[in-house]
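Going down the list, the protein sequences come from chains A and B.
Note that my numbering has the first sequence beginning at 1, numbered continuously upward.
Note that my numbering has the second sequence beginning at 131, numbered continuously upward.
All C-beta atoms, glycine included, are put in the ideal place defined by N, C-alpha and C.
One structure below.
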Amino acid sequence: MKKTCVWLLMALGLGGCASEVTRHPVNLSRARRPPDKSFVASQTVMVRLDSGYDRSIRAGTEFVDAGGIAQGDILKPTNATFTVEGAHMHEAYLVVNTGRIVGFYLPVEKSFSPLATSVALPLEIKEFRK
Amino acid sequence: MNVNRLCVSLLLPLVLASCATGPKLSEMRSSIPTLSTEQGRIYFYRSGSAFGAAVQPSILLNGTVVGESKPGGFFFVDQAAGNKEVSTSTEVEKKLSFTLDPGQTRYVRTVIGLGLFVGRVYPELVDEATGQKELEEASYIGPPLKQGVKAEAKAQ
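This is the structure we're talking about:
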């Protein structure tokens, strides 16, 4: 019983001290392209953040180009909201390079938060009617 | 009276009194002002769960108190577009940062989590579909709106 209490208190204590999201300041290497097409996730993808939190990108989630950084293209979701979470929570856009999510762009902090392991993201292109 | 009954009889009124009372979103839609083109709107809300109901911290937007996190309550603020940071005044501060575009509406849900000594309330950004759906269950706890929200609610 005593051990259970200690474990419970430790878990609660550690839960209140999550590590800060790893991020590096970045500059846009290219501006956003004219919004002539969007990208749609063709299947649900699970992402394990380096902070230990899980995120899912549901099939049907739509993205538009939001520029580029050295690590890849920035895709901003239009029908969903993404955040990365550690000690704090930050709105995040995906950073995709050759069809894989390599990390997240934090628009408020203007920073790149890398993923330790990149994740494949199957996308379909949807052209906008002119 | 045994101890359990005593606890229930003491705690129940406390929990009930701490829940939000006010008009539902559907009852006050016509009173909600149209959003100006240069501004965005942020809805803040919390589910009606009785878990941690007594913990009702202030909600801060860019360091300024804009309201309270009350179980089952919601309110909104209109703000100039730009970067936003939301936090609550609980044991451990967990901030939420996001962008607000002109004409955009964002939804921030406050949720209760376990803290070391007391429950802590932290903000999370939710998508529009979830926010709109969950807001339907909540009651307005913001400042009175121009077209007499209270009178409208009483008439229901």
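When DSSP assignments are scanned along the region 226-279 of chain B, the uninterrupted stretches of alpha helix (DSSP H) that are 4 or more residues long and fall wholly within it turn out to be 258-265. Around the beta carbon of A:Phe128, a 10 Å sphere encloses fewer than 16 other beta carbons of the protein chains shown; the residue is thus reported as exposed. The beta-bridge partner set that DSSP reports for B:Asn213 consists of B:Thr229. Using beta-carbon distances, A:Thr81 counts as an interface residue toward chain B, with a partner under 8 Å. The beta carbon of B:Gly272 sits closer than 6 Å to the beta carbons of Phe205 from its chain, once the five residues preceding and following it are set aside; these are given in chain order. For the options B:Leu190, B:Val195, B:Tyr173, the alpha carbon positioned closest to that of B:Arg239 is the one of B:Tyr173. Think of a sphere of 7 Å around the beta carbon of A:Val108: the chain B residues whose beta carbon falls inside it are Asn213, Ser227, Phe228, Thr229, in chain order. Burial check for B:Asp231: the Cβ neighbour count within 10 Å stays below 16, so the residue is exposed. DSSP places B:Leu155 inside the alpha helix (DSSP H), whose first and last residues are 155-158. Under a criterion of Cβ atoms nearer than 7 Å, no residue of chain B is adjacent to A:Glu20; the nearest Cβ is some 11 Å distant.
Inside the region 82-115 of chain A, DSSP marks whole beta strand (DSSP E) runs of 3 or more residues at positions 83-85, 89-91, 93-97, 100-106, from first to last along the chain. Counting only the Cα atoms, B:Glu266 lies some 33 Å from A:Val21. Leaving aside the five residues that flank B:Gly152 on each side, the residues in its chain whose CB is nearer than 6 Å to its CB run, in chain order, Ser269, Tyr270, Ile271.
Residues are counted here when their Cβ sits less than 8 Å from a Cβ of chain A; for the region 189-212 of chain B the count is zero. By the Cβ-count criterion, B:Glu168 is exposed, with fewer than 16 other Cβ atoms from all chains shown falling within 10 Å of its own Cβ. With respect to B:Gln262, B:Gly170 sits apart: the two C-beta atoms are not nearer than 8 Å. Residues of the region 255-274 of chain B with a C-beta atom less than 7 Å from some C-beta of chain A are Leu255, Val256, Asp257, listed in chain order. With a cutoff of 8 Å on beta-carbon distance, A:Phe82 and A:Arg55 are scored as near each other.
Neighbourhood of A:Glu91 in chain B, by CB distance below 7 Å: Ser227, Phe228, Thr229, Leu255, in chain order.
About 11 Å separates the Cβ atoms of A:Ile69 and A:Leu106, ruling out a contact at the 8 Å cut-off. One finds Ala87, His88, Met89 in chain A with Cβ atoms closer than 8 Å to the Cβ of B:Lys224, taken in chain order. Separation of the CB atoms of A:Val40 and A:Gly72 is rounded to 18 Å, and the pair is thereby denied contact status at 8 Å. By the 16-neighbour rule on beta-carbons within 10 angstroms, B:Ala210 is exposed.
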